[in-house]
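K.L.:
Below you will find the structure I want to go over with you.
In this note's numbering, the protein residues as written are 953 to 1225.
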């Protein structure tokens, strides 16, 4: 009981504790005054036994002496009632303190629960935003990977095309060199045949009527290849497919139908520097 009272006093306001202390102090003072007032009454009763005057006067004072006794009983009853009221007040205060403590704890739990809920909602919102960002970056990464694959395929295609063009260019260069070599050989053969025909014609015949002047063309690089079509420009175009170097650039650009040398139908021409 003392421990409970001490615990309750810790939860009570200072004003209530002071009021209780003041009431208990007054109760003790009342009891001390009551004991002090009882001692003179006892001494006075012994004195009246031996004094007749006081004894005669004591009869008249009986009514007056009963009043302090009645007041004592009333005071004692009031003291017991005060004690009961104090006990009830202590119980009421204890109940109220327990109720307040329970409400405070419940309010604190509600606040903690609300705070935790807000934190969870914020964390979930941030996680959702991060997940959406991860998904978006994944889509972008997939698009970039597909783009890289397409670029790799296109690069490989261009690489193959470049190799094919390079091979075709090498083949055309080889064919052109072969054509030029063959054309030069035919040109030399034609010039040799023309020289032989001129010598034979100059030696034949018995009269001067069959004589004609034969001009021997200069040898080596001094020979100028004339165009077989116009006879003015230098022969610099090879006709295909016969591969005769016999026309100039102007006549070759006009797309001649037949070769002037072999009269073969042509379908292309190559300019030679």
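All C-beta atoms, glycine included, are put in the ideal place defined by N, C-alpha and C.
Here the structure is a predicted model, which is why all the values come from computation and not from measurement.
#1: Who pairs with residue 1191 in a beta bridge, going by DSSP?
#2: Just mark residue 1195 as buried or exposed, buried being the case when its beta carbon has 16 or more other beta carbons within 10 Å.
#3: What did DSSP end up calling residue 1186 once you bin it into helix, strand or coil?
#4: Where does residue 1180 fall in DSSP's three states?
#5: Does the beta-carbon of residue 1211 have 16 or more other beta-carbons within 10 angstroms, so that it is buried, or is it exposed?
#6: Please confirm if the stretch 1184–1199 is in contact with the stretch 1123–1134, defined as three or more CB-CB distances below 8 Å between the two stretches.
#7: Please state if the CB of residue 1204 and the CB of residue 1226 are separated by a distance shorter than 8 Å.
#8: Alpha carbon to alpha carbon, what distance is there between residue 1087 and residue 1071?
#9: Count the other CB atoms within 10 Å of the CB of residue 1200; is the residue buried (16 or more) or exposed (fewer)?
P.N.:
Taking the geometry as given:
#1: In the chain shown, the residue the question calls residue 1191 occupies position 239. The partner list for residue 1191 (beta bridge, DSSP) reads 1196, 1221.
#2: The residue labelled residue 1195 in the question sits at position 243 within the chain shown. If you draw a 10 Å sphere on the C-beta of residue 1195, you find 16 or more other C-beta atoms in it, and that means buried.
#3: For the purposes of this step, residue 1186 is identified with residue 234 of the chain shown, where counting begins at 1. Residue 1186: strand per DSSP, three-state reduction.
#4: For the purposes of this step, residue 1180 is identified with residue 228 of the chain shown, where counting begins at 1. Assigned with DSSP and collapsed to three states, residue 1180 falls in coil, not helix or strand.
#5: Translated into positions along the chain shown, residue 1211 becomes position 259. Around the Cβ of residue 1211, a 10 Å sphere holds 16 or more other Cβ atoms; the residue is buried.
#6: Inter-segment contact for the stretch 1184–1199 and the stretch 1123–1134 is present: three or more beta-carbon pairs are separated by less than 8 Å.
#7: Any property of residue 1226 remains undetermined from this structure, which presents the chain solely from 953 to 1225.
#8: One-based indexing of the chain shown puts residue 1071 at position 119. One-based indexing of the chain shown puts residue 1087 at position 135. Answer to the nearest angstrom: the Cα atoms are 24 Å apart.
#9: As a working note, residue 1200 is residue 248 in the chain shown. Residue 1200 should be labelled buried.
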